[in-house]
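The sequence shown begins at 0 in numbering that gives the first Met the number 0 and counts up one residue at a time. The C-beta atom is built at its ideal place from N, Cα and C for all residues, glycine as well. Bear in mind the structure is a predicted one, so any value in this text is a computation, not a measurement. First up is the structure itself, then whatever we jot down about it.
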Amino acid sequence: MPLDIDLIKQTNDHIRRFRKFPEFELGAALFHKVFQNFKKPLASLALNFSLA
């Protein structure tokens, strides 16, 4: 299953918009870190499926 590029772009736009408000900074940073941590496993999982 390929990653939804449009969804990722939308999410990045939301994070940029929220950065204007300090109270959202922590949530955005946390979400970004979680997303970064999930990207590699998802990519390798997708690769494994495409090779199978």
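In the three-state DSSP reduction, ASP12 falls in the helix class (H, G or I). By the criterion of a C-beta distance shorter than 8 angstroms, ASN36 is surrounded by no residue of its chain, once the five residues flanking it on both sides are discounted.
Nearest in C-alpha terms to LYS32, of all of THR10, LEU46 and ILE4, is THR10.
If you draw a straight line from the Cα of ASP5 to the Cα of PHE48, it is about 22 angstroms long. Within the same chain, and ignoring the five residues on either side of LYS38 in sequence, no residue has its Cβ closer than 6 angstroms to its Cβ.
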